[in-house]
Structure formats: C-alpha cells, structure tokens
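What follows is a set of notes on a single structure, which appears directly below.
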Amino acid sequence: MASFLFQHSPISLLLLIPLLISPACSLKCTSQNFTGNTHYTNCTDLPSLNAYLHYTYDPINSTLSIAFIVSPAKSEGWIAWAINPTSTGMAGAQTLLAYKASNGSIVVKTYNISSYSSIVESKLSFDVLDKKAEFSNGVMRIFARLALPETMTTVNQVWQVGSSVKDGVPAKHEFKPENLNAKGTLELVQEDGKTAPAASPSGAENGTGNGGQNGKDTSGCERTLNDNGFFGFLLCFGILVVFLF
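The sequence shown runs -26 to -1, 1 to 219 under mature numbering (1 follows the signal peptide of the UniProt record, and there is no 0).
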C-alpha cells in the first residue's frame, strides 16, 4: 500500500491543481453556455469581482436582455447588477439583486437605490419584462429582460456581491478596491446606429466584436487563474520534492 501511494501520489497531486481554481473563473465569457439554447449577441469579462455579462440589445423595441454571472461573497450572500441612468456609482442605480431565500429558491428583487444608507425593495425607473436567477457550483446567475427608454443607447452599469441576507434584506458589501471598481459603461448602439458589438467596461480595452472579450483586460478572472495556478504548482512541486527526495 505504501509503495502504491508513493508511485501514484505525484500524479494525484498534480490532478488537484484544477480544484484550486474558482468555478466562476473556470471559463472566459465566450466559452460559457446556457441551457435551452439561450444565446446572447455580446459578452464581456467584467474587470472586477470575477464577473461576466452576456447581453443582447434590440434597437427596434429598445429591450436589453442580460445574463449576469458571478460568485457571491459567500454561499449565503447576494449578487447584483444595475443600470444607473444618472451617475456612475451605486447611488441612483436601478438594481437587480439575487439571493437564496429561506425556502431554498433563488429570487431576484428590484431596488431603486436612492442612497447608500437605505436599501428598500422598489420598482425601477424602467420596466422589467422578465427576471429569474439560478445558483449552482458556487456561481449565481441573473437573467433579465429590460425595456429601456429609446434614448438610452449608452448605459452606466454597476455590479456587486455581498456576503449575507437577513430577513430578506441584503447586508452591505465590502468596500475593497475590487468592490469600488465594479462599474463601467455599455455602448448598446454605435454612432452609426448599429447595435454595438461588445461592451467596454471601466478599466478595460474596447471589445473585440460579437461575443468578444475585452482584448487586454488582465484583471479579474484571468489574473486569479494565473495566481491560483502558480501557487498550486508551487504547492504540488514542494510536496513532490518531499516524496521523491
């Protein structure tokens, strides 16, 4: 038995490296798929909180369909994606917030966040035609279809994660740099009137086209993958040295 463990442990240890990678960081947005053959025209790897946004804008009826994907700060926490029609921060954000309810279901609620001190469930300034959420493998997803004003062809987006919900009220999120930087801009329509090919989030380069990722965005998930893979390699290499020498 000892001989078997000695011979096979190095390989087994190397196989542990993928387990060090967060489920939310296992794919770029272009590799993510949805059930029911759901497809979005564009996607982007958001530059903070290891989050992703898939979206389709229909200029004929001014509707925006989105799928927002991120891991909550803790399994009992919440995630949120919002459009802010008046500013670039959280105050004024028209928010979709999802969490796991006490009965085990994943719910999506709407919040018109008028200030940082008061978060009360309320209607948004635009219609929410459809909304739902799901949670699996540590990753939460919000799906929604929004009816936007015809003039809203560029939107300020804000996204966030929190660690807990008590009696249906989400607790405040942390104020680390990655939380404070979770905002950006979506160009829904180009200057020539055509639907924009991809997002341009804050801190990232311009998109690369249909369903494209932001070409030089090295923050967020990509950096986490590199860090986790590197430290995983060092860990396994150190243990291999102990076994072999």
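For every residue, glycine included, the Cβ atom is placed at its ideal position computed from N, Cα and C.
Two segments are said to touch when three or more pairs of C-beta atoms, one from each, lie closer than 8 Å; by this definition the stretch 3 to 18 does not touch the stretch 133 to 152. With 16 or more other Cβ atoms inside 10 Å of its own Cβ, Lys157 counts as buried.
For Val143, the closest C-alpha among the options Thr84, Lys106, Asn153 and Phe149 is that of Thr84. With a contact defined as Cβ atoms closer than 8 Å, Glu152 and Leu23 qualify at about 6 Å. Taking C-beta atoms as the reference points, Ala47 and Ser110 fail to come closer than 8 Å. Three or more beta-carbon pairs separated by less than 8 Å link the stretch 120 to 130 to the stretch 96 to 103, which places the two stretches in contact.
Assignment of Ser5 by DSSP, reduced to helix, strand and coil, places it in the helix class. In this structure, DSSP gives Gly66 a state outside helix and strand, which the three-state scheme calls coil. For Glu152, the enclosing alpha helix (DSSP H) stretches over residues Pro151 to Leu154. Judged by pairs of C-beta atoms under 8 Å, the stretch 60 to 69 does not touch the stretch 32 to 51, as fewer than three such pairs exist.
By the C-beta density criterion, Tyr29 is buried, having at least 16 other C-beta atoms within 10 angstroms. Contact between Leu162 and Thr127 is confirmed by a C-beta separation of about 5 Å, below the 8 Å threshold. Bounds of the beta strand (DSSP E) holding Thr18 are Asn16 to Asp19. For Gly136, the secondary structure class from DSSP, reduced to helix, strand or coil, is strand. Counting every other CB atom within 10 Å of its CB across the protein chains shown gives Gln68 a total of 16 or more, marking it as buried. In this structure, the beta-carbon distance from Phe117 to Ala41 falls below 8 Å.
Per DSSP, Ile34 has no beta bridge partner at all.
When the alpha-carbon of His147 is set against those of Gly66, Thr15, Asn86 and Ile93, the nearest one is in Ile93.
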